[in-house]
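Have a look at the structure below, then the notes.
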């Protein structure tokens with residue numbers, strides 16, 4: 024990682040190129056499953072692994088809390104559009 028804003032960054036898992044994109048994230052929460060769609064992330068062009076910024080992680084955590092509170096076996100949610108991803 025170069026440390027320069029906007030500079031291309033390598034994937035820490037495979038060395039591929041990270042670029043801004045949207046990811047679908049699956050989670051297993053005990054006996055329940057939650058899927059969050061259209062999460063802003065840096066996505067590796069080689070392995071497809073998504074990496075989230077801090078604010079996006081906070082939003083995803085909040086959505087997972089709501090999924091657990093619903094007591095549903097399967098929850099499919101969409102990341103709220105217009106939510107900033109960086110603090």
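In my numbering, the protein residues as written are 24 to 110. Just so it is clear, CB atoms sit at the ideal spot from N, CA and C, and this is done for glycine as well.
Query                                                                            : Result
Opening and closing residue of the alpha helix (DSSP H) in which residue 77 lies : 77-92
Straight-line gap, residue 99 to residue 83 (C-alpha atoms, nearest Å)           : 12 Å
For residue 67, the first and last residue of its enclosing beta strand (DSSP E) : 55-67
Distance CB(residue 68)-CB(residue 39) smaller than 8 Å                          : yes
Element boundaries [beta strand (DSSP E), containing residue 52]                 : 40-52
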